[in-house]
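Numbering (the working numbering), first residue to last: 1 to 552.
Heads up, the beta-carbon is just placed ideally off N, CA and C, and yes, glycines get one too.
The next block holds one structure in the form of structure tokens; read it before the comments.
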Amino acid sequence: LRRGGIPGAGLGPSRRLIGTAGASLVLLALTPTKWTHHFGAFASIGAALAALTALATSSTVLRSARNRWWFLSGLLVILAMSSTGPNAPWYVSQYGVPWFDKPPSVEGFQASTLLIVGAALAGLIAVVEGLRHEPGAPPPPPPARSSPDRRHGRRRALRIGSAPLAVFCGLLVLAEVGAMVKAMHKQRDGYSMAAANIAHITGHSCNLTDAVSVEPDRRAGALRPLRGTLLADIPLQRGFELNSFPFNQPPSADSDRANKQGVGGRGDRIPKPGSDGDNPVDAPPSGLGGAEIPLWSSFSLDGPGTGNVRTTWYALPAAARQGRAPVVISVAGKLSPTTPLVAEFAHRTERGFRVVDQIPIGGRATANAPGWRDYRLGLAGRPAAGADAVRLIAIDADVTDEGWLAFSAPRVPVLSSLTDLVSPTPPVFLDWPVGFVHPCVRPFAIRNGIAEVPQYRLLPNELLADYSKSWSSREAGGPIGWLQILATQQEVPTYLKENWDTDWGKLMVIQPRVPAAEAPTLKTGTVVRSGWWSPGPLRSGGQAAEISQLGR
């Protein structure tokens, strides 16, 4: 442009196109959020700019070796900048994708660093080429004007000059496609977005819904106790109480009575002075406790609450050994080096049980400590897959207030498909992030201003849960407002196929407070109104707050 334009493009349009692209980036920087939603505006501008770049790189500009090296250096800098972030597709699309949690790297070296080094080398060569041909330096003897070598050299320079742009664009496309192909291979026994999309094109697929399993009843996964004859196989219990656990109880007006009832402030063993009674440790989830899936707890108000437990051996079903279901242990309290919990897997012999594997309980859980949460053990590929019995060993050597531990007997869930449960008939409340990956689910209907009460609710993973709840909250006028009044929600344990501890989201069962409520009688009709007509002012937040929930 500085020399009068690009061959094949008008000077004025070229300047306006470049100015528009630069101004668009400045304006985009002023938007508060959702930049990726606005990238569609660059579809036309970017395509035109790419065409102009192609014309520029095929002109006489890149016949100079110095300019070709500078162009290569600039491309490497752009690639380095685009490689500084993780290769993280949105939500469940990132399962199995390489470098989804960190910037791309090779043998421990970040790709952006290697590209910057390459850009510096290319820039250094460009400087050397510029010095070689600066005024006063003896230029190389040019070939004859009509020489075939000159025409061949010109064509070769054009090909070399324009090659980096085409090569890098092609490599980026191959890298994107290759990342998804690798995700399909890595998740070949589980879920990947690419495989689900291909299955939908070639046949029928409900996408993520097909890959999620549901545990409707925890008691159905209870394991059968086994008796041991050796001393090492006999269950032991010291300091832990059977089916006695901390629970959340509303604060009493009498603080002394509340302290005696064990209402702690932060899940502590001994309540703190001035505690507000907000104990985050609720009662165990439904199905836990009792004879089928017993619980042990070291929680105590009368002493340090230390001790140890060695449970009985439980028969390990084929579903766990074959990797079709995990071994699940529910835990509350603290897991630490002073309060460890270990699962032992053994093979039963004529002389007793021979331990073949030990797995410490810890790592990723379904909820945060100290509340009740599940730890899921997949046995595929481990020595434990050859076992036929499992037991738990727990120790509480922590004398601090918060150093208590509660856990359940192991269970192997009996699973059913989420697709069979929620599609296609039952009405479902879909939080907005999950609607894209559950195409077979029917959202609850709203007709004539009356909303259908959903039977289930599907939520995203914890990372997107806050964003998901904000749009549907009662403060935003969303369906959560009337749903909290009409019904309660209870979480059902769910599992992602072959990735048992992956947080894909949640399934909530919606239980109406009045199950047999009568549907309203509607009178419908058609009324023509002008665009300026108003039925009256909306109630303000203060006025709405004065209206009883039952009166609404």
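Proximity below 8 Å, CB of residue i to CB of residue j
i, j, result
"Leu331", "Ala320", "Checking the sequence shown, residue 331 turns out to be Val, not Leu. No, these two residues do not count as a Cβ contact at 8 Å."
"Ser112", "Thr84", "yes"
"His347", "Gly386", "yes"
"Glu402", "Pro427", "no"
"Ala343", "Val414", "no"
"Ala119", "Ser73", "yes"
"Asn207", "Pro439", "yes"
"Ile329", "Phe240", "no"
"Ser298", "Trp404", "yes"
"Pro86", "Trp99", "yes"
"Ile361", "Tyr375", "yes"
"Tyr314", "Ala211", "no"
"Val441", "Ser423", "yes"
"Asp233", "Gly381", "no"
"Met180", "Ala166", "no"
"Leu75", "Phe168", "yes"
"Arg411", "Gly221", "yes"
"Leu295", "Asn368", "no"
"Arg310", "Leu230", "no"
"Ile510", "Pro454", "yes"
"Leu52", "Leu27", "no"
Residue nearest to residue i in terms of C-alpha spacing, selected from the options
i, options, result
"Thr187", "Lys497, Glu518, Leu288", "Inspection of the sequence shows that residue 187 is occupied by Gln rather than by Thr. Among Lys497, Glu518, Leu288, the Cα nearest to that of Gln187 is on Lys497."
"Leu483", "Asp503, Phe444, Gly371", "Phe444"
"Gly494", "Val127, Gly305, Ala9, Arg218", "The sequence shown places Thr at residue 494, rather than the Gly named in the question. Checked all of Val127, Gly305, Ala9, Arg218; the closest Cα to Thr494 is Arg218."
"Arg354", "Gly362, Ile361, Phe345", "Phe345"
"Asn67", "Trp404, Thr36, Ile125, Asn87", "Ile125"
"Ala291", "Gly96, Leu75, Pro103, Leu223", "Leu223"
"Thr209", "Thr306, Gly435, Leu52, Trp296", "Gly435"
"Ile393", "Ala163, Trp99, Leu377, Thr312", "Thr312"
"Pro340", "His185, Gln358, Arg351", "Gln358"
"Thr488", "Ser473, Tyr456, Trp471", "Tyr456"
"Ala21", "Leu76, Ala367, Ala41", "Ala41"
"Thr338", "Gly378, Gly352, Asp398, Ile293", "Asp398"
"Thr366", "Phe71, Val177, Asn499, Gln94", "Asn499"
"Pro304", "Gly478, Val173, Arg238", "Arg238"
"Tyr191", "Pro164, Gly96, Gly178", "Gly96"
"Gly10", "Asn308, Leu55, Asp431", "Leu55"
"Ser213", "Thr521, Leu421, Leu28", "Leu421"
"Val128", "Trp69, Val281, Gly12, Leu464", "Trp69"
Extent of the continuous beta strand (DSSP E) to which residue i belongs
i, result
"His38", "Note, His38: premise wrong, no beta strand (DSSP E); alpha helix (DSSP H) at 35 to 38."
"Gly352", "352 to 360"
"His204", "Here His204 belongs to no beta strand (DSSP E), and DSSP marks it neither H nor E."
"Phe346", "It should be noted that the sequence gives Ala, not Phe, for residue 346. Taken as a continuous stretch (DSSP letters only), the beta strand (DSSP E) holding Ala346 covers 341 to 349."
"Gly307", "307 to 310"
"Pro512", "506 to 512"
"Trp372", "Segment: none, Trp372 is in no beta strand (DSSP E) and carries neither H nor E."
"Trp533", "No beta strand (DSSP E) contains Trp533, which DSSP labels as neither H nor E."
"Trp296", "295 to 297"
"Tyr495", "494 to 496"
N-terminal and C-terminal residue of the alpha helix (DSSP H) that residue i is part of
i, result
"Asp466", "462 to 472"
"Phe71", "65 to 82"
"Ala124", "The sequence as given places Leu at residue 124; Ala does not occur at that position. Counting along the chain, the alpha helix (DSSP H) containing Leu124 begins and ends at 111 to 132."
"Arg321", "318 to 321"
"Thr20", "11 to 29"
"Val434", "Segment: none, Val434 is in no alpha helix (DSSP H) and carries neither H nor E."
"Val422", "418 to 422"
"Gln455", "Element bounds for Gln455: n/a, residue is neither H nor E."
"Asp233", "Note, Asp233: premise wrong, no alpha helix (DSSP H); not H, not E."
"Ala482", "In the sequence as displayed, the identity of residue 482 is Trp instead of Ala. Taken as a continuous stretch (DSSP letters only), the alpha helix (DSSP H) holding Trp482 covers 480 to 486."
"Leu208", "208 to 211"
Counterpart residues of residue i in DSSP-defined beta bridges
i, result
"Gly333", "Leu405"
"Ala315", "Ala389"
"Tyr91", "Answer by DSSP bridge pairing: none, since Tyr91 is not bridged."
"Gln237", "Val309"
"Glu215", "The partner list for Glu215 (beta bridge, DSSP) is empty, contrary to what the question assumes."
"Phe429", "Arg457"
"Asn499", "Leu496"
Heavy atom of the ligand SAM within 7 Å of residue i beta-carbon
i, result
"Gly40", "Among the components of this structure there are no ligands whatsoever, and the ligand SAM is therefore not found."
Any chain D beta carbon closer than 8 Å to residue i
i, result
"Cys169", "No chain D appears in this structure, which consists of one protein chain only."
Exercise for review: Would you be able to state if there are at least three C-beta pairs under 8 Å between the region 526 to 537 and the region 505 to 515?
Suggested key: In this structure the region 505 to 515 does not lie against the region 526 to 537, because fewer than three pairs of beta carbons, one per stretch, are closer than 8 Å.
Exercise for review: Decide if the region 44 to 55 is in contact with the region 68 to 84; the criterion is three or more beta carbon pairs, one per stretch, under 8 Å apart.
Suggested key: They do not touch, by the three-pair rule.
Review point. Is the number of C-beta pairs between the region 466 to 484 and the region 201 to 215 that are closer than 8 Å three or more?
Key: Contact fails: fewer than three Cβ-Cβ distances are below 8 Å.
Exercise for review: Mind the definition here: the region 455 to 473 touches the region 498 to 505 only if three or more C-beta pairs lie below 8 Å; say whether that holds.
Suggested key: The region 455 to 473, when compared against the region 498 to 505, does touch it at the 8 Å Cβ threshold.
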